[in-house]
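**Q**
2 protein chains.
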Amino acid sequence: MFESAELGHKIDKETYNIEVPKLREALLEAQIDLAKLSKFPVIILIGGLDGAGRGETVNLLNEWMDPRFIQTHGMGEPSDEELDRPMMWRFWRELPPKGKIGVFLGSWYTWPIINRVNGHTKVAELDQSLERAKRLESMLVAEGALVLKFWMHLSKDRQEKRLKLLEKNPQTRWRVTDRDWKHFKLYDKFRVIHESVIRHTSTAEAPWIIVEGYDPNYRNLTVGKVILDAINKRLDDANKKMAEVHAPPPLPSIDQLNILKTLDLSQKIEKKEFKDELEKYQGKLALLTREAKFKDITVIVMFEGNDAAGKGGAIRRITSALDARFYSIVPVAAPTEEERAQPYLWRFWRHIPRRGRVTIFDRSWYGRVLVERVEDFCSKADWMRAYSEINDFEAQLVRHNIVVVKFWLAISKEEQLNRFNEREKIGFKRFKITDEDWRNREKWDDYEHAVCDMVDRTSTEIAPWTLVEANDKRFARIKVLKTLCKHIEAALGKK
Amino acid sequence: MFESAELGHKIDKETYNIEVPKLREALLEAQIDLAKLSKFPVIILIGGLDGAGRGETVNLLNEWMDPRFIQTHGMGEPSDEELDRPMMWRFWRELPPKGKIGVFLGSWYTWPIINRVNGHTKVAELDQSLERAKRLESMLVAEGALVLKFWMHLSKDRQEKRLKLLEKNPQTRWRVTDRDWKHFKLYDKFRVIHESVIRHTSTAEAPWIIVEGYDPNYRNLTVGKVILDAINKRLDDANKKMAEVHAPPPLPSIDQLNILKTLDLSQKIEKKEFKDELEKYQGKLALLTREAKFKDITVIVMFEGNDAAGKGGAIRRITSALDARFYSIVPVAAPTEEERAQPYLWRFWRHIPRRGRVTIFDRSWYGRVLVERVEDFCSKADWMRAYSEINDFEAQLVRHNIVVVKFWLAISKEEQLNRFNEREKIGFKRFKITDEDWRNREKWDDYEHAVCDMVDRTSTEIAPWTLVEANDKRFARIKVLKTLCKHIEAALGKK
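Keeping their order, the protein sequence lines are chains A and B.
1 is the number of the first residue of the first sequence in the numbering used here; add one for each residue after it.
1001 is the number of the first residue of the second sequence in the numbering used here; add one for each residue after it.
(1) DSSP puts L1467 of chain B in a beta bridge; with which residues?
(2) Give the straight-line distance between the Cα atoms of S1412 of chain B and V1371 of chain B, rounded to the nearest whole angstrom.
(3) By DSSP, does W1151 of chain B sit in helix, in strand, or in coil?
(4) So, at 6 Å on beta carbons, what are the nonlocal neighbours of G74 of chain A in its own chain, with the 5 sequence-adjacent residues on each side left out?
(5) Taking all protein chains shown into account, do 16 or more other C-beta atoms lie within 10 angstroms of the C-beta of S266 of chain A, making it buried, or fewer, making it exposed?
(6) Note down the Cα distance separating T1072 of chain B from D1050 of chain B, rounded to an integer number of angstroms.
(7) If we call anything under 8 Å between Cβ atoms a contact, is E94 of chain A one with S138 of chain A?
(8) Whose CA, out of A:A286, A:G305, A:F326 and A:G312, lies closest to the CA of K482 of chain A?
(9) Among B:V1192, B:L1163 and B:S1196, which has the Cα closest to the Cα of K1182 of chain B?
(10) With a cut-off of 8 Å on the beta carbons, I'd call L1418 of chain B and D1307 of chain B a contact; round off their distance for me.
(11) Nearest-angstrom Cα distance between K149 of chain A and H1200 of chain B?
(12) Which residues share a DSSP beta bridge with G1102 of chain B?
(13) Closest to I300 of chain A by C-alpha separation, out of A:A145, A:S107 and A:K406, would be which residue?
(14) Of the residues that make up the stretch 1439 to 1460 of chain B, which ones have a beta carbon closer than 7 Å to any beta carbon in chain A?
(15) 8 Å is my cut-off, CB to CB: does H1153 of chain B come that close to chain A?
(16) One question on the structure: do A1321 of chain B and R1477 of chain B come within less than 8 Å of each other, judged by their Cβ atoms?
(17) Count the other CB atoms within 10 Å of the CB of T1172 of chain B; is the residue buried (16 or more) or exposed (fewer)?
(18) Quick check on I11 of chain A - is its C-beta less than 8 Å from some C-beta in chain B?
(19) Kindly indicate if chain A contains any beta-carbon less than 8 Å away from that of E1375 of chain B.
(20) Should T1057 of chain B and R1179 of chain B be called a contact, given that it needs their Cβ atoms to be closer than 8 Å?
(21) Nearest CA to the CA of Y16 of chain A: which residue from A:K275, A:E414, A:T222 and A:H487?
(22) Give me, in chain order, the residues of the same chain whose beta-carbon lies closer than 6 Å to that of N1217 of chain B; leave out the 5 immediate sequence neighbours on both sides.
(23) I'd like the list of long-range same chain contacts for H487 of chain A, defined as Cβ closer than 6 Å, with 5 residues on each side in sequence excluded.
(24) Is it a yes or a no for the stretch 1339 to 1359 of chain B touching the stretch 1080 to 1095 of chain B, going by three-plus beta-carbon pairs under 8 Å?
(25) Is the stretch 1119 to 1139 of chain B close to the stretch 1024 to 1038 of chain B, with three or more CB pairs under 8 Å?
(26) Let me check understanding here. Comparing Cα to Cα, which of A:R347, A:I329, A:V330 and A:E3 lies closest to I337 of chain A?
(27) Measure from the C-beta of L288 of chain A to each C-beta in chain B and report whether the shortest distance is under 8 Å.
(28) Specify, as a first and last residue, the run of the beta strand (DSSP E) that F1361 of chain B falls within.
(29) Mind checking who T460 of chain A pairs with in its DSSP beta bridge?
(30) Taking Cβ to Cβ, would you say R1368 of chain B is nearer than 8 Å to A1386 of chain B?
(31) Which bits of chain A does I1018 of chain B rub up against, with CB to CB less than 7 Å?
(32) Taking 8 Å as the CB-CB limit, is E82 of chain A close to chain B?
(33) Can you have a look at V1211 of chain B and say buried or exposed, based on whether 16 or more other CB atoms are within 10 angstroms of its CB?
(34) Which residue's Cα is closest to the Cα of C1485 of chain B: B:D1445, B:L1288, B:E1442 and B:P1067?
(35) Do H153 of chain A and G55 of chain A count as a contact pair if the criterion is CB distance below 8 Å?
(36) Say whether chain A places a C-beta atom closer than 8 Å to the C-beta of N1391 of chain B.
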């Protein structure tokens, strides 16, 4: 793996001084083209050995490039804010939008490697982190990103030499820390693990680019040229039609049975009983969310459902039991401009709450496999891969002690018609009904099919769907509250 | 995950009798089209619960389909032959060629699941097996295969009912074993693990298709229609241009240094010394391969190198030290027709030896990233993904105690010219030199670049490349023998 990066590559000063101005000009041009086209982001990871010039490379890029279109993120120790959320959250929040370059000094590989070297994790656990990293990158690439992963390498001799050199010079002495020397003693151990990381995560679409870090001239020119070539190649490719997926068609519906049709929508609760139950479960919810142990968990509640199924009403019955300081509601409509410049999960990652909080999503990331699928807003390849991307996403939440509660509010086609007509009659409700609602209604069967596929593919042990019979609003609201309490109780270890 | 497969799907007899003849005819037609086009194989995995109709489904397919183009493989307990080789070998040997259908009853998922349920493995280990399965499937799909994974499911009630029903009928009683009831008691445990397997391995290109197994009519029609639709859709797509990879370009060569150029090709051994060394290392090799412990390992030696670099001569110096019963040489030339109908690694998998044997490959799977890359015999996407596929392949070998020794025999361009000219002069050597050799020589630089990329990307801790300076044949032969002895000694725990 490291063969070519231990040869002692060197570029003499004269050549360097001739090459650099040309390279810088070309890089600036490429940046402008990238920004103008605004079709894909460039994500650059800088990893590698201490003393191999990671920091210098980042500084150099900042010096060479147009600062309007590039941003650097030094991913050191995570902040309080970040520790309170799943590990990947800090990376998601810094992803560059389309047309821009994000440089990450330290990445999703840093901690898995350090934890393994220090013996905090086993090989199998390292492998799991690497697979997660690969899935993340493969999703980013599928969403259009150009991912460039640089690995700055030094042979053992040269690492020692470089550290000594840096130490000797009064201007750079501060850069060599005890930690660097401690890591140097572990050189061989690190090397084995680095090799395995690189082997496992060098994919065709996002291979590691290993650069010998000893000679700054060689390093700088190499990194600059790789970035330049890669951006220009992608700009040329931008209009090529990409990856179609050979995917087997979904399960045919050969009888007329599906999970939605088996719901008993006639279930009802009478007014009197409703009042009692509402009081009971809202009280329970209020107590649960005020327990001391609640500070260690996070709750994400998510509502999907037919138009006019009563999502808003159900949400209000939850929030009236909560402390207003600790919950927030995220209504999900068409994505903003900023959101459209990012992978589709980005706009949900940004709303992932801290520990001890509740966030309620009114519609969600499932839009990808519902409305976007049915209305052809994305390609088949896109929504087909979304199921596993969403499962990955939720698995990351759950691994971080987040309780994910997913509701589908189901009403019958007749009940929907009644509610639409009623809304049109009542002045203050009229804003709630639009032409789009009527259009969606025409695609009832397509939506039904998409919902069944969604439940089959994303109702998991760790984040199951709850289907709520919602023809009777009272019944639906109680079922929602009850289910939510049950999940929180389980998370608090009460059952 | 299992929601739709626990609804009690049912097809009445009348409908079934009307549908089946139409379906069978369409399936036969699709099979003929598939065979005629001969562009892709169909790989069908049948997994699921005991009593959910896995065996019946296979029988049915055999009844409905044209037996010339379909083959079933019941993957039960592995044979001696199979246990002596890496786990995946038994699947590779049964892969259907292009134009045909292979049905696997039991798959690469079976043992990982059973081992996990019985507590022989940890969650992380299960995850590793699943990732390997995913990588295998993703490679198969990239090579063109249509992969259909059926999961036959039953709810707990219905599994019990079905087992009892089968037991009551004298004709089917034999089918219900103690093992089935033992598994039934573990239903909940299995379910959690099945769910996680399905969640992790349902990819866009090869999703699990979950079928409720209780009613045979429903099950049969569903499986038949899915297969029919999938084959027909793929036949329609067959001429569409598929997946291009957005891949960053390889490392530019900005100085003129590369690993091949740093080799000191002037190294020599004099005749007298050569005789002594040859005797020494051949003796050593002979002893090592005759040790009792050698029966527990396998050795694969692989030669690549420039044309006329002396591969044949080096191989003969190895084999003359070996027991002729226990080694074989695999000369790799252009693939045969049968081999062209399979994924490119298939023709190497078939030659993987049993324990205690030595197999020497004269040229190898690296052809994909050398000649096929340079001569444009495969697309860029194909050779870009090959690096990680090859690393995966070798990792499977090494995990099975196979010692993988890889040699690149390097000569200079001048030395090659001398040897070519010499060969043309000497009658009995003339057959060894062809126009193709002269043509390859013109692409010397392209090959050099491909070799450097290959070493950088596939020289791993577990299966490193050894570059052999081969301008002097004696030097090369001794280095090869010495290196081989060292690797075998290490594998036998002697160093």
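Every residue gets a Cβ at the ideal spot worked out from N, C-alpha and C, and that includes glycine.
Owing to the predicted nature of the structure, the values given are computational and were not obtained by experimental measurement.
**A** The answer reads as follows:
(1) For this step, residue 1467 of chain B is matched to residue 467 along the second sequence. Per DSSP, B:W1408.
(2) Counting from 1 along the second sequence, the entry for residue 1412 of chain B is found at position 412. Counting from 1 along the second sequence, the entry for residue 1371 of chain B is found at position 371. Cα to Cα, the separation comes out at about 18 Å.
(3) Here residue 1151 of chain B refers to the residue found at position 151 of the second sequence. Strand.
(4) Within the first sequence, numbered from 1, the residue matching residue 74 of chain A stands at position 74. L105.
(5) For this step, residue 266 of chain A is matched to residue 266 along the first sequence. Answer is exposed; the Cβ neighbour count stays below 16.
(6) Here the question's residue 1072 of chain B lines up with position 72 in the second sequence. Here the question's residue 1050 of chain B lines up with position 50 in the second sequence. Approximately 19 Å, taken between the alpha carbons.
(7) As a first step, residue 94 of chain A is located in the first sequence; it is residue number 94 there, counting from the start. As a first step, residue 138 of chain A is located in the first sequence; it is residue number 138 there, counting from the start. For E94 of chain A and S138 of chain A, no; Cβs fall outside 8 Å.
(8) Locating residue 482 of chain A in the first sequence gives position 482, counting from the first residue. The shortest C-alpha separation from K482 of chain A is found at A:A286.
(9) Your numbering for residue 1182 of chain B matches position 182 in the second sequence. Among B:V1192, B:L1163 and B:S1196, the Cα nearest to that of K1182 of chain B belongs to B:L1163.
(10) Residue mapping note: residue 1418 of chain B aligns to position 418 of the second sequence, counting from 1. Residue mapping note: residue 1307 of chain B aligns to position 307 of the second sequence, counting from 1. Looking at the sequence provided, one finds Asn at residue 1418 of chain B rather than Leu. Between D1307 of chain B and N1418 of chain B the Cβ distance is about 13 Å, and since that is not below 8 Å, they are no contact.
(11) Along the first sequence, read from residue 1 onward, the residue named residue 149 of chain A stands at position 149. Along the second sequence, read from residue 1 onward, the residue named residue 1200 of chain B stands at position 200. Distance between the alpha carbons of K149 of chain A and H1200 of chain B: 26 Å.
(12) Numbered from its first residue, the second sequence carries residue 1102 of chain B at position 102. DSSP output for G1102 of chain B lists B:I1043 and B:Q1071 as bridge partner(s).
(13) Within the first sequence, residue 300 of chain A is the residue found at index 300, counting from 1. Out of A:A145, A:S107 and A:K406, A:K406 has the C-alpha closest to the C-alpha of I300 of chain A.
(14) C1452, V1455, D1456, R1457, S1459 and T1460
(15) Residue mapping note: residue 1153 of chain B aligns to position 153 of the second sequence, counting from 1. No, no contact with chain A.
(16) Start at 1 with the first residue of the second sequence, and residue 1321 of chain B comes out as number 321. Start at 1 with the first residue of the second sequence, and residue 1477 of chain B comes out as number 477. Not a contact, by the Cβ cut-off of 8 Å.
(17) Here residue 1172 of chain B corresponds to residue number 172 of the second sequence, with the count starting at 1. Exposed: under 16 other Cβ atoms inside 10 Å.
(18) Taking the first sequence and counting its residues from 1, one reaches residue 11 of chain A at position 11. For I11 of chain A, the answer is yes, since a Cβ of chain B falls inside 8 Å of its Cβ.
(19) Stepping through the second sequence from its first residue, residue 1375 of chain B is reached at position 375. By this cut-off, E1375 of chain B is not an interface position.
(20) Along the second sequence, read from residue 1 onward, the residue named residue 1057 of chain B stands at position 57. Along the second sequence, read from residue 1 onward, the residue named residue 1179 of chain B stands at position 179. It is not a contact, given that the beta carbons lie outside the stated cut-off.
(21) Taking the first residue of the first sequence as position 1, residue 16 of chain A is located at position 16. When only C-alpha atoms are compared, the closest one is A:T222.
(22) Here residue 1217 of chain B refers to the residue found at position 217 of the second sequence. Within the same chain, N1217 of chain B has close Cβ partners I1011 and Y1016.
(23) Against the first sequence, residue 487 of chain A aligns to sequence position 487. If we look at H487 of chain A and ignore the five residues flanking it on each side, its Cβ neighbours are V403 and V405.
(24) yes
(25) no
(26) Position 337 of the first sequence, counted from the start, is the residue given in the question as residue 337 of chain A. In the sequence on display, residue 337 of chain A carries Glu and not Ile. Among A:R347, A:I329, A:V330 and A:E3, the Cα nearest to that of E337 of chain A is on A:R347.
(27) Your numbering for residue 288 of chain A matches position 288 in the first sequence. No, because no Cβ of chain B sits closer than 8 Å to the Cβ of L288 of chain A.
(28) The count along the second sequence starts at 1 and reaches residue 1361 of chain B at position 361. Unbroken beta strand (DSSP E) run through F1361 of chain B: V1358 to D1362.
(29) Taking the first sequence and counting its residues from 1, one reaches residue 460 of chain A at position 460. DSSP, once it has assigned bridges, lists no residue as partnering T460 of chain A.
(30) Taking the first residue of the second sequence as position 1, residue 1368 of chain B is located at position 368. Taking the first residue of the second sequence as position 1, residue 1386 of chain B is located at position 386. Contact: yes.
(31) Looking up residue 1018 of chain B in the second sequence gives position 18. Here the premise fails: no neighbours, minimum Cβ distance about 12 Å.
(32) Within the first sequence, the letter at position 82 stands for residue 82 of chain A. With 8 Å as the cut-off, E82 of chain A does not count as an interface residue toward chain B.
(33) Position 211 of the second sequence, counting from 1, holds the residue named residue 1211 of chain B. Buried, because 16 or more other Cβ atoms sit within 10 Å of the Cβ of V1211 of chain B.
(34) What you label residue 1485 of chain B is simply residue 485 of the second sequence in a count that begins at 1. When only C-alpha atoms are compared, the closest one is B:L1288.
(35) In the first sequence, counting from the first residue as 1, residue 55 of chain A sits at position 55. In the first sequence, counting from the first residue as 1, residue 153 of chain A sits at position 153. The answer is no: Cβ separation not under 8 Å.
(36) Stepping through the second sequence from its first residue, residue 1391 of chain B is reached at position 391. For N1391 of chain B, the answer is yes, since a Cβ of chain A falls inside 8 Å of its Cβ.
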